[in-house]
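Asks: From first to last, the protein sequence lines are chains A and B. According to my numbering, the residues represented by the first sequence are 1 to 638, in order. According to my numbering, the residues represented by the second sequence are 1001 to 1638, in order.
Protein chains: 2
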Amino acid sequence: MNISLAWLPVEEFTRILDGIGDPHDRSQAFADASRVNALYSIMRAGSGHIGSSFSAADIVAWLLLNEMNSPFADDGDVYFSSKGHDVPGLYSSYIGLGALPEEKLHQLRRLGGLPGHPDVSIPHMHANTGSLGMGISRAKGMILGDRLTGASRRVYVLTGDGELQEGQNWEALAGAVHHGMGELTVIVDHNKIQSDTWVTDVSDLGDLEAKFRAFGWGVLRCDGNAPRELDTAFRLREKQYAGGPAVIVADTVKGAGTGVFAATSMAEGEWRYRFHSGAPAVEDYRRAHDELVASLNSLLQRHGLDPVRLVAVDVELPAKAAGPQLPQVYGRALADRAKSDERIVALDADLVLDTGLIPFAQEVPDRFFECGIAEQDMVSTAGGLAARGLLPFVHSFSCFLHSRPNEQMYTVASEHRKIVYVGSLAGLIPAAPGHSHQAVRDVSALGAIPGLVVLEPANSAAVEAALDHCVESTSSTYLRLVSTPVPAEAEELGAEPLILGRGRVVRAGGRAVAIGSGPVVLTQLIRAAGLLAAEGIELTIVDLPWLNRVDSGWLAELAGRSDVLFVVENHYTHGGQADLIARSLLELGVPDTPAFEGIGLTEVPKCGTEAEALDAHGLSARHLAERFLTRIRPAAHQ
Amino acid sequence: MNISLAWLPVEEFTRILDGIGDPHDRSQAFADASRVNALYSIMRAGSGHIGSSFSAADIVAWLLLNEMNSPFADDGDVYFSSKGHDVPGLYSSYIGLGALPEEKLHQLRRLGGLPGHPDVSIPHMHANTGSLGMGISRAKGMILGDRLTGASRRVYVLTGDGELQEGQNWEALAGAVHHGMGELTVIVDHNKIQSDTWVTDVSDLGDLEAKFRAFGWGVLRCDGNAPRELDTAFRLREKQYAGGPAVIVADTVKGAGTGVFAATSMAEGEWRYRFHSGAPAVEDYRRAHDELVASLNSLLQRHGLDPVRLVAVDVELPAKAAGPQLPQVYGRALADRAKSDERIVALDADLVLDTGLIPFAQEVPDRFFECGIAEQDMVSTAGGLAARGLLPFVHSFSCFLHSRPNEQMYTVASEHRKIVYVGSLAGLIPAAPGHSHQAVRDVSALGAIPGLVVLEPANSAAVEAALDHCVESTSSTYLRLVSTPVPAEAEELGAEPLILGRGRVVRAGGRAVAIGSGPVVLTQLIRAAGLLAAEGIELTIVDLPWLNRVDSGWLAELAGRSDVLFVVENHYTHGGQADLIARSLLELGVPDTPAFEGIGLTEVPKCGTEAEALDAHGLSARHLAERFLTRIRPAAHQ
């Protein structure tokens, strides 16, 4: 779809900053201008976090314009956001101040552009965040480093409120007190809504001020969308708590700045906030944009300035891919199954929508446990439920689930409890959120846990079969779910009953065989086979959904039918399916072992569109076909 | 060394319990009797945690004797210790009450006996603990499970105080409040000393009562070594906080019950508490035993009972192995190097002794950062230090370091920061602490992190070479250090300059080649080679210290000289060196690829002596030799 979007050029920011003397109005105008551009960039990217960018905008503006010393100098004060997903707002502010190139505004979440979560490769980004709860610790390290190297600067860290459910925040606090970190100020963007819904409904924070005080921190509170109150809070912070760390609990409104996105506009009974992530509908965009511009212009007018000059561009909005989303298919099936199997309980870490759990939560509420953003607690809690004979299904994004509670998963496994882990958003794509959300290390990080089978279904039908396995198997399962819509090619493959460690040929071809799992890899393989067919080479494609188990007999039989065996992974080349198959093949010692090549990621995943990311990492059909050809041709000529 | 030890048989516990009417004296006598037997079992095992077993003994006694309903019935109240290392005391109490077989007392930390940390395979053990901070979460899961299955029981969890530095404790608290868990009581064994030294010196807990209160919990405080005060606290807990979770902060003395072990006996200026883990010296054992018996007898006398009847046994104490300990060698070398390299900083998570950091902490104090038991915070803090140009060396036991901060390590890696991680206590042995402390999954869990090289030195000289690599390489390194003394066979191998991905032949033999790394595997290989030599078979042994990198050229050359290649790992068979070598071999596609077999752990590590564990997992020289033979003989006859 083609629509007209509008953005504010840097000279307009400059004009606003030059034209308004009052620091509070100036900060407010700057924040609103940043909101206009953040909204533009998110709309253009087709995804991004509006709610949080907007709730934090006034805090960011006040810090950059008034509070911080030389925020863009090498020895200047440091600001970063621990939650990270509010970065479209930060980018816009940086661009408005000339600290990032203006053209980057048009490249949010694109390859070589501005990543969906902060990355230190972008100027003035001080920490890779997006994986929650690490910011305070990072800031402490920076300060200890500054002290050792003789630098003297202050560090400001923004956290979310839902983010404070992560235990690491609380383990970080003592060290700052111990080291008397007067340099460290934490601002809680207390917008009361986390990913899914109200913080109080997910995992109530209770008395936040009392908590920080009990941990020995100085505590202040203010309206975080009111520059005048922020001003006072930062002054008091220096005055009252100069010798130690302090937190400013800044009460904000998620989506602040427009009635359209403001959480305060939510209808009575509307439980889910709709603007946490993702681009808004076109009509919402227009209304919000107009509202922002009107409020900005009225402020300018009050200061005798002309209305803002917007630049309009016609933009082709990213097309929404068609096809079923596996977490949703899974979630529906799990809810149905739970109705006839009372052992099944579901645990969630504030991703009820994205893990497909809404049906379960609504239809089986007494067996649904919302744990908040506290994956370690969730997994250990699941271990306790399993000890009582229940069958816990534990959910989060793969990126968080395989790593944050890694030791907890191992501990539960050491008790030989049966648990089903379901990691959605698995693999390289969507690549727009960036590497904090791209789970391409999960098979490696979990594959050696005794009694835990890693399984990745290829499509909707395979999800149903996989769920059967999860329930019926005596082993624990880690179900790896790609979240992007399943392309038709993969969906059409249907499913067959699962046999542990065995795959199935989904495209019969020649003696060049490619093994893969999941909709992303299988789709690219099918397309690559099409390209190879045009060269007269028939590729056999095998769907092997088991990522850390392979059946020797099946593999020997397959090897006997292969001259060359490729294993393509939506994962790093280390520690995944290719390693397993290679080792099994070698240990089998079959005569005429086929040539072998494993293909996967060899570097930190790049942010971009799906096509950009697949191409950049050599996993698109075209790249795969080319790579296959270099092996197949010599093999054919042997 | 042969010495006489003494223990109390079950009938003596029964006599005490039957003979004392006053519940407080009865509890105290029972606790002291349990201490006698805990001390006996630790002394006999040659290791175990006295300080914590003794500080908690009165709490455990009071719970089991007075507070809990039917603690050994299937539907009874539940108690478990989250810290877990106090389990020798718990075993003794259970045995005294007839809930575990008496003969198990003689089998602490032995194969098939009582594991060094709790394991649910032992009756009435409700959770595998020892990996800290998971207990409250586990208890919540049990309670949710009980509610769903219609059971009604109370759950009591003991935590350490140092343990509360782990963030998971704090993320666990909200859920208990949300669910109104009146069933849940946490008792903090507040003995003020953690693994290394005083909690206040490691990472001060501040106002513990205020913290729990701020998180919405009911809070009580008492003397945890005074039965009368415990009695009052538990009564008040029911009375004041029936509808929600509550914590009893129990002030205890580490090593309580004897002057010998009591932390209150520490000399002025003595900073390290000596009885956290490990068996005491014989003279300390005797004094403490006599003191306990005297105090018990005086209590019995007051109640008109005869003195206790002890059973004396002559016991051969486990011999202390000779040889250097790699963490100590490493720590000395790091301190020296830090003096001439100001970039080097060291971070520790309450294991300054066991990670070899005492020289560093004493000699380079301004660059030594004690983070407490907060591995996630430690790693993110290191990331901040690295961002400031410093070179952080991050330390813990391997078991915790590879898993608890797994996501934090990945996040720092995504910034391409250079960090050196040093995990001691790596591998299967010592096997006495049990699986929570046996790190046999670290290569898998970390191996795929981009830019992180996993390196395991074979002996003292190799540690020095490895440290050179850690400092000079542009990559990050995870240094995997075995902690048990290096046997002479491995120490004599010396070291050569390291070349990434390449190994060295340490025993030239025939075309049967075994690859391994680290002192444990190499020692067993050398011994296995001796056994094979007696059969006329010469084994070539290769030390390949790189666990996730291999040089293709070097490997191809080695493969050309091999008929059969074994890779032996002090690690699970999945995700380690064998997978890597197999894949590389197969991808190389060398003519006459040798036969291949990887050998490693296939199940959760067993607790026992070193010899027992190596045997049980097929990693002793004898088992290896037998396994090699089954492959080599057929190969030789081809």
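Note that beta-carbon positions come from the ideal geometry of N, C-alpha and C, so glycine has one too. Note that the coordinates shown come from a computational prediction; the quantities given were computed from them, not determined experimentally.
Against chain A, with Cβ distances strictly below 7 Å, would K1140 (chain B) count as a contact?
Replies: Output row for K1140 (chain B): interface = yes.
Asks: Going by beta-carbon coordinates alone, are G243 (chain A) and G180 (chain A) separated by less than 7 Å?
Replies: It is a contact, given that the beta carbons lie within the stated cut-off.
Asks: What beta strand (DSSP E) runs, 3 residues minimum, are completely inside the segment 207 to 237 of chain A?
Replies: Correct list: 218 to 223.
Asks: Please confirm whether R343 (chain A) has its beta-carbon closer than 7 Å to some beta-carbon of chain B.
Replies: Judged by the 7 Å Cβ criterion, R343 (chain A) is not in contact with chain B.
Asks: Leaving aside the five residues before and after R622 (chain A) along the sequence, list all residues of the same chain whose C-beta is less than 6 Å from its C-beta, in chain order.
Replies: Closer than 6 Å at Cβ, skipping near neighbours: no residue.
Asks: For M1001 (chain B), count neighbouring Cβ atoms within 10 angstroms of its own Cβ and tell me buried if that reaches 16, exposed if not.
Replies: Exposed, because fewer than 16 other Cβ atoms sit within 10 Å of the Cβ of M1001 (chain B).
Asks: Just mark H1637 (chain B) as buried or exposed, buried being the case when its beta carbon has 16 or more other beta carbons within 10 Å.
Replies: For H1637 (chain B), the predicted structure reports a pLDDT of 45, less than 50, and the residue's modelled location is therefore unreliable. The matter cannot be settled from this model.
Asks: What are the partner residues of N2 (chain A), as DSSP defines its beta bridges?
Replies: The partner list for N2 (chain A) (beta bridge, DSSP) reads A:E316.
Asks: Rounded to the nearest angstrom, what separates P245 (chain A) and R237 (chain A) at their Cα positions?
Replies: Each residue's alpha carbon lies about 9 Å from the other.
Asks: Name the one or two DSSP bridge partners that I358 (chain A) has.
Replies: Answer is none; I358 (chain A) lacks a bridge partner.
Asks: Check whether the Cβ of L1300 (chain B) sits closer than 6 Å to any heavy atom of the ligand NAD, and report yes or no.
Replies: Among the components modelled here there is no ligand, and therefore nothing to report on the ligand NAD.
Asks: Once DSSP output is grouped into helix, strand and coil, what is the label at H1190 (chain B)?
Replies: In the structure shown, H1190 (chain B) sits in a strand (DSSP, three-state: E or B).
Asks: If you draw a straight line from the alpha carbon of Y156 (chain A) to that of E183 (chain A), how long is it in whole angstroms?
Replies: Looking at the two C-alpha atoms, the distance is approximately 8 Å.
Asks: Among the residues of its own chain, which have a CB less than 6 Å from the CB of W1554 (chain B), if the five just before and after it don't count?
Replies: Same-chain partners within the cutoff: R1502.
Asks: From which residue to which residue does the beta strand (DSSP E) around G1160 (chain B) run?
Replies: First-last of the beta strand (DSSP E) with G1160 (chain B): 1155 to 1160.
Asks: Just verifying my parser: in three-state terms, what is the DSSP assignment at R627 (chain A)?
Replies: DSSP places R627 (chain A) in helix when its eight states are reduced to three.
Asks: Could you tell me the boundaries of the alpha helix (DSSP H) in which E1350 (chain B) lies?
Replies: The question names Glu, but residue 1350 (chain B) in the sequence shown is Asp. No alpha helix (DSSP H) holds D1350 (chain B); DSSP gives it neither H nor E.
Asks: List the residues of chain A that H1178 (chain B) touches, going by C-beta distances under 8 Å, in chain order.
Replies: Within chain A, the residues near H1178 (chain B) are S203, D204.
Asks: Take the Cβ of R1138 (chain B) as the centre, count every other Cβ of all protein chains shown within 10 Å, and call the residue buried at 16 or more, exposed below.
Replies: R1138 (chain B) is buried by the Cβ-count criterion.
Asks: Determine the contact status of A1559 (chain B) and P1594 (chain B), defining contact as a CB-CB distance below 7 Å.
Replies: Yes, they are a contact pair.
Asks: In angstroms, rounded to a whole number, what distance separates the CA positions of L347 (chain A) and G167 (chain A)?
Replies: When rounded, the distance between both Cα atoms is 17 Å.
Asks: Report all residues from its chain with a CB closer than 7 Å to the CB of A578 (chain A); omit the five preceding and five following residues, and keep chain order.
Replies: The residues are V567, E569, G598, G600.
Asks: Tell me, to the nearest whole angstrom, how far the beta carbon of I650 (chain A) is from that of G51 (chain A); I am working on the premise that it is less than 8 Å.
Replies: Residue 650 (chain A) lies beyond the stretch modelled for chain A, which goes from 1 to 638, so this question has no answer here.
Asks: Give the interface partners of D1207 (chain B) over in chain A, defined as CB-CB distance under 7 Å, in chain order.
Replies: What D1207 (chain B) touches in chain A: A214.
Asks: Looking at the C-beta of H1623 (chain B), does it have a partner C-beta in chain A at a distance below 7 Å?
Replies: Answer no: the Cβ-Cβ gap between H1623 (chain B) and chain A never drops below 7 Å.
Asks: Taking only three categories from DSSP, how would you classify F1369 (chain B)?
Replies: F1369 (chain B) falls in the strand class under three-state DSSP.
Asks: Is DSSP giving D1468 (chain B) helix, strand or coil here?
Replies: Looking at D1468 (chain B) - three-state DSSP - the assignment turns out to be helix.
Asks: Work out the CA separation of T355 (chain A) and L164 (chain A) for me, nearest whole Å.
Replies: Their backbone Cα atoms lie some 21 Å apart in a straight line.
Asks: Please specify which runs of the alpha helix (DSSP H), each continuous and at least 4 residues long, are wholly inside the segment 1510 to 1597 of chain B, giving them in chain order.
Replies: Here the runs fully enclosed are 1518 to 1533, 1552 to 1560, 1577 to 1588.
Asks: What first and last residue would you give for the beta strand (DSSP E) that runs through F80 (chain A)?
Replies: From DSSP, the beta strand (DSSP E) with F80 (chain A) extends over 78 to 81.
Asks: Any residues in the segment 1060 to 1089 of chain B with a beta carbon nearer than 7 Å to a beta carbon of chain A? Which ones, in chain order?
Replies: Residues passing the 7 Å Cβ filter: none.
Asks: Please look up how many angstroms separate the CB atoms of L1425 (chain B) and H1437 (chain B), rounded, as I've assumed it's under 8 Å.
Replies: Going by Cβ atoms, the distance from L1425 (chain B) to H1437 (chain B) rounds to 6 Å, so yes, they are a contact pair.
Asks: Compile a chain-ordered list of the residues in the segment 527 to 550 of chain A whose CB is closer than 8 Å to at least one CB of chain B.
Replies: The residues in question are N548.
Asks: Looking at A335 (chain A) and E370 (chain A), is the spacing between their C-beta atoms short of 7 Å?
Replies: Against a cut-off of 7 Å, the Cβ pair of A335 (chain A) and E370 (chain A) comes out as no contact.
Asks: According to DSSP, is L493 (chain A) helix, strand or coil?
Replies: Coil.
Asks: If I measure Cβ to Cβ from A1465 (chain B) and keep anything under 6 Å in the same chain, skipping five residues before and after, which residues do I get?
Replies: The answer, listed in chain order, is A1495, L1498.
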